[in-house]
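Note sheet for the following structure.
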Amino acid sequence: MEKFEYYTQYKDLDELRTFDPDLAKELKEARSEIKSSEEIDIYDDLETFADHEIVEGWYYDSLNVDLSNYKIYHGAPRIYDFIDLKGLGKAIANTWDESYHYLSPSGKVAEFY
Numbered sequence: 001m002e003k004f005e006y007y008t009q010y011k012d013l014d015e016l017r018t019f020d021p022d023l024a025k026e027l028k029e030a031r032s033e034i035k036s037s038e039e040i041d042i043y044d045d046l047e048t049f050a051d052h053e054i055v056e057g058w059y060y061d062s063l064n065v066d067l068s069n070y071k072i073y074h075g076a077p078r079i080y081d082f083i084d085l086k087g088l089g090k091a092i093a094n095t096w097d098e099s100y101h102y103l104s105p106s107g108k109v110a111e112f113y
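Residue 2 in UniProt numbering sits at position 2 of the sequence shown; the count goes up by one each step and never skips.
Given below as structure tokens:
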């Protein structure tokens with residue numbers, strides 16, 4: 001298990017089971033095809049997942065700006081003051097590839113590799 005700024009990464013389902021047995025069981029039941037060897041990133045919620053997608057994921061290349069230091073951006077208004085991360089997270093969840101993503105009823109987001 002390795003903690004990053006936006007998510008916690010587990011090397012496989014067995015490692016996740018050690019730290020969060022309920023979520024591991026839920027994932028196995030919801031995704032019977034999950035491979036035991038798949039790497040899994042767990043985000044606390046859709047908002048955090050959306051934030052990650054802006055700073056390091058889908059939107060990073062299209063924005064063409066390093067937003068990792070978004071609190072101060074050359075005196076410009078903070079872009080995050082105008083982004084509804086919860087709404088963006090829900091919209092991403094409605095369009096993502098379910099073979100790589102899972103939204104738990106608890107609100108956690110799992111991303112598989």
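Quick reminder that beta carbons are idealized off the backbone N, C-alpha and C, glycines included.
Query, Result
"Does DSSP classify LYS28 as helix, strand or coil?", "helix"
"So, ILE79 versus ALA50, is the Cβ gap smaller than 8 Å?", "no"
"Classify GLU15 as helix, strand or coil using the three-state DSSP reduction.", "helix"
"Can you round the beta-carbon distance between LYS90 and LEU23 to whole angstroms, since I take them to be within the 8 Å contact cut?", "Their Cβ separation, rounded to whole angstroms, is 20 Å, which puts LYS90 and LEU23 out of contact at 8 Å."
"Is it true that the CB of ILE54 sits closer than 8 Å to the CB of TYR110?", "Here residue 110 is Ala; the residue named in the question, Tyr, does not match the sequence. Cβ distance not < 8 Å, so ALA110 and ILE54 don't count as in contact."
"Between which two residues does the alpha helix (DSSP H) harbouring ALA91 extend?", "85-95"
"For TYR3, write down the residues that DSSP places opposite it in a beta bridge.", "Here residue 3 turns out to be Lys, not Tyr, going by the sequence shown. BP columns for LYS3 point to THR8."
"In or out: TYR100 buried (at least 16 other Cβ within 10 Å) or exposed?", "exposed"
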